[in-house]
Every structure is written in C-alpha cells, then in structure tokens.
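Visitor: The sequence shown begins at 1 in the working numbering and counts up by one.
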Amino acid sequence: MSIEQRGSLAGRQDRPAERPAVVEVVAGALFVVIAAVGGWSLLTNPYLELGQVGSDPGPGFVPWLGVWAIGLGGLAQIAWVLMRARAAGGLRGSGEFVPARLWLPVLLIVSMVLYHAALRALGFIPASLLFAVPWVAIIHWRTGERFTARHLVQLPLEASLIVAAIYVVFHYGIQIQFP
C-alpha cells in the first residue's frame, strides 16, 4: 500500500460517520408493518393453509416465505440503521415528515381505500380508470412536465392502456375473475 493510499484511508477513519436519516428507520418499520398485515391476512384466510398431512406444506407456504422475508428484512434494516446511528451519534431528521411532503402518500392511501370501495360498486374497468387517470396525471406532474393540450388525450389514453394491460394479463393470462 502506498503512502497516498494509507493517507486517504486514515483520513476516512478520522472523519465522523454520517448520521443516518430517520426515514431509513421508518422504511424498515413499514416493511415490518406490511409483513404483519400480510401475516394476519394469511392467518385468517381459510383457503391458504399449511398442509395438515404429508410432506407437502400446502398452498400457504410460499406467501408465508414472502411475509417472513419482508418482515425479517425490515427488522434487519431497522437494526442496521440504528447501529449506524449509534456509531454516528444519532439520527438525522431532514424534514421528511412535514405536511408539504406527506400529502402525496396520504392521498395515495386515501385513493386506494376509495378504489377498493369503488371496485365492488362500479367493477374493475370503470373503477380502475377513475383511479388511474388522476394518478397518471400526478406522475406526469411530479416529473416536472408542463401540461399542454395534448395531455387531455394522452393521460386518459395512458391510463386506459395500463388498465387494459392489467385486465388482459390477469383475466386472460392468469384467468382471474374481476368484479
């Protein structure tokens, strides 16, 4: 190892570690919550059960693997961030949880709940179009694109193509019946 390399390594060791952001812990916690909700759903689903007889674990085995992987991954994320925070002297908050940043995720959650309710009342295609058109517009807006007259045709067309693709794959490919 040359003198320059040793000097640059020593410089890195002298510098304090960067404090991890609070949002990194929240991301891990979100995975744990998703795994808990998924686990509860699997526990209460009478159709997905681990095999009662024989060596075949049954159709519920693969979802349980996913739930455990997501949950343990979330716990590992939390532990890793907290260890880094301890070494760096704490967590760094950079304004992640202010209303100016939270309105979009809150809007997504509210719209998903409304979409779920609209599915039964309207059916898959109308409810999905009502959901997809505004979200395609929001995605375009968040990329910094300026809206023009062509978007009056483009946004509904994009949403229709997305809904149609999902319908074709699930209805004809996987043969799932939609409401």
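Every residue gets a Cβ at the ideal spot worked out from N, C-alpha and C, and that includes glycine.
Which first and last residues belong to the alpha helix (DSSP H) in which residue 128 is found?
Guide: 124-142 is the extent of the alpha helix (DSSP H) around residue 128.
Visitor: Let me know the secondary structure DSSP gives residue 92 once reduced to three states.
Guide: strand
Visitor: Since I believe residue 46 is in contact with residue 124 (beta carbons under 8 Å), could you give me their beta-carbon distance rounded to a whole number of angstroms?
Guide: So it is not a contact: roughly 24 Å between Cβ atoms.
Visitor: For the alpha helix (DSSP H) containing residue 27, name the first residue and the last one.
Guide: 22-44
Visitor: With 16 other CB atoms within 10 Å as the buried threshold, where does residue 126 fall?
Guide: exposed
Visitor: Taking the C-alpha atoms as reference points, what is the distance between residue 90 and residue 72?
Guide: 23 Å
Visitor: If we count the other Cβ atoms within 10 Å of its Cβ and call it buried at 16 or more, is residue 81 buried or exposed?
Guide: Classification for residue 81: buried.
Visitor: Can you tell me where the alpha helix (DSSP H) holding residue 151 begins and where it ends?
Guide: Run containing residue 151: 151-167, per the alpha helix (DSSP H) assignment.
Visitor: Excluding the 5 residues flanking residue 38 on each side, which residues of the same chain have their C-beta closer than 6 Å to its C-beta?
Guide: 67
Visitor: With distances taken Cα to Cα, identify the nearest neighbour of residue 35 among 162, 146, 74 and 19.
Guide: 74
Visitor: Suppose you measure from the CA of residue 169 to the CA of residue 177; what does that come to, to the nearest Å?
Guide: 11 Å
Visitor: Run through DSSP, which three-state label would residue 77 get?
Guide: helix
Visitor: Short check: CB of residue 192 to CB of residue 94, under 7 Å?
Guide: For the chain, the structure presents residues 1 to 179; residue 192 sits outside this window and is missing.
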